[in-house]
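Trainee:
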Amino acid sequence: MEKFALMHRRGFIRAALTGVAVAVAGDGIASQATGRPTAGSSAKLLVFDSRFPAARLFAAHMTDRVGETRAIQGDVTDVWNGSIRISIAKGPVLIGGVTTPASLFCLEQLVSRYRMTLDLRTDFNSPSRHDLAAIESAFTGRNQRSMLAQSRHHLTDGQALVAWVLRPTAAAQNSMSST
Numbered sequence: 001m002e003k004f005a006l007m008h009r010r011g012f013i014r015a016a017l018t019g020v021a022v023a024v025a026g027d028g029i030a031s032q033a034t035g036r037p038t039a040g041s042s043a044k045l046l047v048f049d050s051r052f053p054a055a056r057l058f059a060a061h062m063t064d065r066v067g068e069t070r071a072i073q074g075d076v077t078d079v080w081n082g083s084i085r086i087s088i089a090k091g092p093v094l095i096g097g098v099t100t101p102a103s104l105f106c107l108e109q110l111v112s113r114y115r116m117t118l119d120l121r122t123d124f125n126s127p128s129r130h131d132l133a134a135i136e137s138a139f140t141g142r143n144q145r146s147m148l149a150q151s152r153h154h155l156t157d158g159q160a161l162v163a164w165v166l167r168p169t170a171a172a173q174n175s176m177s178s179t
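Numbering (full-length UniProt numbering), first residue to last: 1 to 179.
(1) With distances taken from CA atoms, which of Arg85, Lys90, Leu104 is nearest Gly96?
(2) Pull the bridge partners of Lys44 from the DSSP assignment, please.
(3) For a test of the three-state rule: what should DSSP assign to Leu110, helix, strand or coil?
(4) According to DSSP, what are the bridge partners of Arg70?
(5) Given a cut-off of 7 Å, decide if Ala59 and Val93 are closer than it, judged by their beta-carbon atoms.
(6) Out of Ala102, Leu45, Pro168, state which residue places its alpha-carbon closest to the alpha-carbon of Ser112.
(7) When the Cα atoms are used, what is the spatial distance from Phe48 to Ile72?
(8) Taking the alpha-carbon of Asp119 as reference, which of Val79, Leu166, Leu46 has the nearest alpha-carbon?
(9) In angstroms, rounded to a whole number, what distance separates the CA positions of Leu161 and Thr122?
(10) Here's a check: name, in chain order, each residue in its chain whose Cβ is nearer than 7 Å to the Cβ of Pro101, leaving out the five neighbours to either side.
(11) Would Ile86 and Tyr114 qualify as a contact pair, given that the criterion is a beta-carbon distance under 7 Å?
(12) I'd like to confirm the pairing. Which residues does DSSP put opposite Ala163 in its beta bridges?
(13) For a quick check, are the C-beta atoms of Thr77 and Thr69 less than 7 Å apart?
(14) Taking DSSP's pairing of strands, which residues face Thr77 in a bridge?
(15) Got a sec, what are the start and stop residues for the alpha helix (DSSP H) Arg56 sits in?
(16) Name the one or two DSSP bridge partners that Thr117 has.
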């Protein structure tokens, strides 16, 4: 029974990371799958918690697909002040990440002032079949899946990670395109 649980968790982690990869690297694909507005030609930024092997693997895989990759160790303050806030001030930014729920909460609060919203969130420790199906349907590239399938890193029960995407709201996109 334990072997089945590990295989299920490993498969879920691969699918969750793939969902964020599709959303961050393929903005148009994610938009078509979710029906939400795209960030168009927005900059792309990836935030990951370097304390977790699964997050490091994802960041290594995405390095050549995003404009910036930023590591944190739980605290988002330095990344917010040194990168995210400055990027948002310049124009629309699509931000994806693999962090703890607490780090995501802080980022959600900070970006809400800039008319950005959470577009996708997948909890690694409590998978939903509906979330998994949505991520799988948005998935189109085989290279991402095969690369992530090579990971032998697992999350223990005491570790919690979420994969997520923050994007500008439709109102923010409309106001930016009319200026």
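Glycine is no exception: its CB is placed at the ideal position from the N, C-alpha and C atoms.
Mentor: So, from the data block:
(1) Working through the sequence shown from its first residue, we reach residue 96 at position 96. Nearest to Gly96 by alpha-carbon distance, out of Arg85, Lys90, Leu104, is Leu104.
(2) Here residue 44 is taken as the residue at index 44 of the sequence shown, counted from 1. Partner(s): Leu94.
(3) On the sequence shown, position 110 is the one that residue 110 refers to. In the three-state reduction of the DSSP assignment, Leu110 falls in the helix class.
(4) Your numbering for residue 70 matches position 70 in the sequence shown. Beta-bridge pairing by DSSP links Arg70 to Val47.
(5) As a working mapping, residue 93 is identified with position 93 in the sequence shown. As a working mapping, residue 59 is identified with position 59 in the sequence shown. Cβ atoms of Val93 and Ala59: not closer than 7 Å.
(6) Residue mapping note: residue 112 aligns to position 112 of the sequence shown, counting from 1. Minimum Cα distance to Ser112 is reached at Pro168.
(7) What you label residue 48 is simply residue 48 of the sequence shown in a count that begins at 1. What you label residue 72 is simply residue 72 of the sequence shown in a count that begins at 1. One C-alpha to the other measures close to 6 Å.
(8) As a working mapping, residue 119 is identified with position 119 in the sequence shown. For the residues Val79, Leu166, Leu46, the minimum Cα distance to Asp119 belongs to Leu166.
(9) Mapped onto the sequence shown, residue 161 falls at position 161. Mapped onto the sequence shown, residue 122 falls at position 122. So the alpha carbons of these two residues sit roughly 9 Å apart.
(10) Indexing the sequence shown from 1 puts residue 101 at position 101. If the five residues before and after Pro101 are omitted, its C-beta is found closer than 7 Å to the C-beta atoms of Ala160, Val162, all from its own chain and listed in chain order.
(11) Looking up residue 86 in the sequence shown gives position 86. Looking up residue 114 in the sequence shown gives position 114. No, Cβ-Cβ distance for Ile86 and Tyr114 is not below 7 Å.
(12) The residue labelled residue 163 in the question sits at position 163 within the sequence shown. Within the DSSP secondary-structure output, Ala163 pairs in a beta bridge with Val98, Thr122.
(13) As a working mapping, residue 77 is identified with position 77 in the sequence shown. As a working mapping, residue 69 is identified with position 69 in the sequence shown. In this structure, Thr69 does not lie closer than 7 Å to Thr77 by Cβ.
(14) Your numbering for residue 77 matches position 77 in the sequence shown. Beta-bridge analysis with DSSP links Thr77 to no other residue.
(15) Along the sequence shown, read from residue 1 onward, the residue named residue 56 stands at position 56. 53-62 is the extent of the alpha helix (DSSP H) around Arg56.
(16) Position 117 of the sequence shown holds residue 117. Paired residues: Arg167.
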